[in-house]
Structure formats: structure tokens, C-alpha cells
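Engineer: For the sequence shown, the numbering used here assigns the number 310 to the last residue and increments by one with no breaks.
All C-beta atoms in this analysis are idealised placements derived from N, C-alpha and C, irrespective of residue type, glycine included.
Handing you a structure now.
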Amino acid sequence: MRCIECGALVGVDSPHGRPFCVACDAALPRWRRADGCPRCGSWRTRPLEANAACPGCLSLGSALHRCHALLRYEGAIRRIVPAFKNPRGPFGPPSVVARAVASLAREHGHRISSEASGQLDLIVSVPLHPRRQRQRGFNHVDPIAREIARALRLPFRPRLLARVRQTQTQASLAAVSRRDNVRGAFRVAQAFEGDLRIGLVDDVLTTGHTLEAAADCLLEAGALEVRALSLAATLPRSILRRGSRAGSRSATYAPAAPGGASASSGGAPGRDPVADVDRSIPHPEPPRLRSQESRCP
Ligand SMILES: [Zn+2]
Ligand SMILES: [Zn+2]
């Protein structure tokens with residue numbers, strides 16, 4: 014097996030058995046507490062006390078009790094997620110990229126377990142609208158949520174929430190329109206016991222309005238609290254690491270052009286609109302892929 018980032022041969026010492034070499038695995042940019050509001054995930058626009066909520070959460074509140082993200086949405090993960098979402102590409106679900114996603118989701122689960130031990134009862138995924146799911150063939154968030162649930166030893170209810178309104182891709186909208194775009198987009202499709210603490214899983218947290226809308230819906234249906242569990246979260250371009258390995262190494266994926274597929278989540282009400290625009294890094298189009306066969310014998 015070869016590392017899907019640099020092409021180096023991956024030996025038995027591959028961390029977590031995932032298709033990265035040790036160096037590329039160590040270089041995955043982990044999300045740090047200081048990267049965003051602990052409640053909604055919003056990156057900080059001004060100095061805040063440690064563990065304090067962002068100004069938006071303090072002034073307007075948030076449907077989210079806490080936000081847990083594993084990675085910053087940059088570098089390898091910014092190529093892996095779009096590749097995983099494209100079922101027609103060579104990196105569809107049963108592929109090496111799926112293995113990478115599953116492994117990262119398990120790591121996320123273990124990290125959440127250490128951060129929020131005993132504080133969750135149920136895992137739920139952010140659903141796609143049925144029409145989009147038919148086009149894609151699957152909800153790419155479900156495999157991520159399933160692995161997180163497995164790591165946390167919690168039940169996973171993939172159909173508890175339903176998307177009742179197809180929304181425009183968040184990245185294509187002005188900041189002020191994004192919240193309206195997803196308002197009322199979800200309904201609870203299956204009954205659940207009240208007073209549950211729910212982990213709500215999405216792939217990438219961007220503006221936060223999707224997760225807020227879904228969390229609102231769960232709270233209205235009787236959930237005790239909702240935590241956002243996002244595999245990755247965006248940062249403003251000014252904070253993103255310079256010289257990301259995206260263009261500087263021989264990667265399995267060609268560098269992806271930004272500006273395409275849907276951004277599905279992230280953020281808080283009441284955020285500074287200017288900051289919101291900066292933060293909303295569009296998901297890239299599925300990357301152009303080199304021949305995987307030649308790299309992974
Ligand atoms: Zn590597
Ligand atoms: Zn916040």
C-alpha cells in the first residue's frame with residue numbers, strides 16, 4: 014500500500030492502519046480548542062478567555078451545546094472529503110479514501126470520548142435532501158457518523174432527522190442569507206426518547222447555520238442538548254497554514270480548485286457578517302485523480 018498523500022510505501026507502522034505514511038499522518042492539521050468557539054465552532058474574531066463562547070453565542074445564544082472538530086479543513090482532508098463525496102470517482106465508498114475517512118472518524122470518536130466522556134446518548138447524522146441523496150447514491154455523512162458512534166459505543170440513528178427542503182449550497186450565498194437558507198430545512202422523522210444528549214455529525218463545519226438549524230429541530234423535539242461532531246472545520250484564509258502541502262508535494266490528488274460542491278454546515282447566529290464571508294471557504298470540486306492502481310498495488 015502507498016500513502017495517498019505522498020505516494021511513499023506505507024509499512025505496517027502506518028498509524029491506525031490508515032493509508033497515510035507516518036509523516037503525512039502527523040502533518041494532518043488537527044483542530045485545536047483555540048481554533049474556534051467551543052460552543053458553535055466559530056473561529057474567534059477577537060481575543061476571548063479560554064473556553065469562553067464567541068460573541069455571537071454570548072449575545073444570541075446557540076442551539077449547540079458544544080462543538081468537537083478533529084481537523085482543520087486544509088491540506089489532505091480538503092482533498093479527501095470531496096473525493097469521498099463523489100460516488101462516481103475511483104475513490105467511492107469502498108476505496109482507499111473511504112478507509113482514510115473511516116479511520117479519521119474513529120480517531121474523532123476516541124477524541125470525543127476523552128473530551129466528552131459519558132456526555133452523549135445518541136449519534137445522529139445531518140441528512141441530505143432525498144433528491145440530492147438519490148443523485149449522490151448515499152449520504153456521505155452516514156459512514157462518518159457510524160464510525161464515530163462505533164468508537165463511542167453509542168447507537169446511531171441515520172434516519173432520525175430528515176431534510177424537508179432542498180437548500181442552495183451555502184457557499185453560493187451571502188452570509189446574511191445562509192441562515193434563512195437552512196431555516197426550517199429539517200424535521201424529526203423518527204420519535205426518540207426525550208432528554209437525550211445527541212451528537213450531531215457533519216463532515217465539514219463551515220458557516221454553522223446548517224448544524225444550528227438541525228440542532229434547533231432536535232431541541233424542539235425534546236433533546237436535552239446537541240453537540241456538533243464535525244470531521245473538519247474551516248478557518249479564515251488568513252489563518253490557514255501557508256505553503257500547505259496541497260501544491261508542494263507529489264500528492265495522489267491534484268490540487269483542487271475551490272468553488273464547487275456544497276458546504277454543509279458550521280457556525281453561530283449573530284456572527285459578524287464580514288467574518289462569516291472570510292470563513293466560508295467553499296468546498297472544492299472533487300479533485301482530479303491520478304491513477305490509483307499504479308500507486309496502490
Ligand atoms: Zn505520505
Ligand atoms: Zn460561538
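Leaving aside the five residues before and after P84 along the sequence, list all residues of the same chain whose C-beta is less than 8 Å from its C-beta, in chain order.
Structural biologist: Here residue 84 refers to the residue found at position 71 when the sequence shown is read from its first residue. It is worth fixing the name first, because residue 84 is Leu in this sequence and not Pro. L41, P42, R43, W44, I90, L117, L244, A245 and A246.
Engineer: Looking at chain B, is there any beta carbon in it that lies within less than 8 Å of the beta carbon of A47?
Structural biologist: Here chain B cannot be found, since the structure has a single protein chain.
Engineer: Residues in its own chain within less than 7 Å of A227 by CB, not counting five upstream and five downstream?
Structural biologist: On the sequence shown, position 214 is the one that residue 227 refers to. Closer than 7 Å at Cβ, skipping near neighbours: V139, L174, F199 and L213.
Engineer: When the Cα atoms are used, what is the spatial distance from T220 to R15?
Structural biologist: Here residue 220 refers to the residue found at position 207 of the sequence shown. Here residue 15 refers to the residue found at position 2 of the sequence shown. So the alpha carbons of these two residues sit roughly 35 Å apart.
Engineer: Would DSSP call C80 helix, strand or coil?
Structural biologist: The count along the sequence shown starts at 1 and reaches residue 80 at position 67. In this structure, C80 counts as strand in the three-state DSSP scheme.
Engineer: Does DSSP put G69 in a helix, a strand or coil?
Structural biologist: Numbered from its first residue, the sequence shown carries residue 69 at position 56. It is helical.
Engineer: Which residues in the same chain as F33 place their Cβ atom closer than 8 Å to its Cβ, once the five residues preceding and following it in sequence are excluded?
Structural biologist: Counted from its first residue, the sequence shown places residue 33 at position 20. Cβ neighbours of F33 beyond the five flanking positions: C16, I17, E18, V23, S27, L41, A89 and A113.
Engineer: L165 to I125, Cα distance in whole Å?
Structural biologist: Looking up residue 165 in the sequence shown gives position 152. Looking up residue 125 in the sequence shown gives position 112. About 8 Å.
Engineer: So the beta strand (DSSP E) R200 belongs to, where does it begin and stop?
Structural biologist: Taking the first residue of the sequence shown as 1, we reach residue 200 at position 187. Start and end: F199 to V201.
Engineer: In whole angstroms, what separates the C-alpha of L71 from that of S108?
Structural biologist: Locating residue 71 in the sequence shown gives position 58, where the first residue counts as 1. Locating residue 108 in the sequence shown gives position 95, where the first residue counts as 1. When rounded, the distance between both Cα atoms is 43 Å.
Engineer: So is R92 buried or exposed if we call it buried at 16+ other beta carbons inside 10 Å?
Structural biologist: As a position in the sequence shown, residue 92 is number 79, starting the count at 1. Under this definition R92 is a buried residue.
Engineer: Return the first residue and the last residue of the beta strand (DSSP E) that S75 is part of.
Structural biologist: Along the sequence shown, one-based indexing puts residue 75 at 62. Note, S75: premise wrong, no beta strand (DSSP E); not H, not E.
Engineer: Alpha helix (DSSP H) containing L224: first to last residue?
Structural biologist: Along the sequence shown, read from residue 1 onward, the residue named residue 224 stands at position 211. Taken as a continuous stretch (DSSP letters only), the alpha helix (DSSP H) holding L224 covers H222 to E233.
Engineer: Between which two residues does the beta strand (DSSP E) carrying D216 extend?
Structural biologist: Here residue 216 refers to the residue found at position 203 when the sequence shown is read from its first residue. Looking at the DSSP string, the run of the beta strand (DSSP E) that includes D216 is R210 to L218.
Engineer: Quick check on V110: does DSSP put it in helix, strand or coil?
Structural biologist: Translated into positions along the sequence shown, residue 110 becomes position 97. Helix, per DSSP.
Engineer: Report whether the distance from the Cβ of A10 to the nearest heavy atom of ligand 2 is below 7 Å.
Structural biologist: Nothing about residue 10 can be reported from this structure: the residues present for the chain run from 14 to 310 only.
Engineer: Just confirm the distance between the C-beta atoms of A158 and P168, as a whole number of angstroms; I'd bet it's less than 8 Å.
Structural biologist: As a position in the sequence shown, residue 158 is number 145, starting the count at 1. As a position in the sequence shown, residue 168 is number 155, starting the count at 1. Contact doesn't hold; Cβ gap of about 11 Å is too wide.
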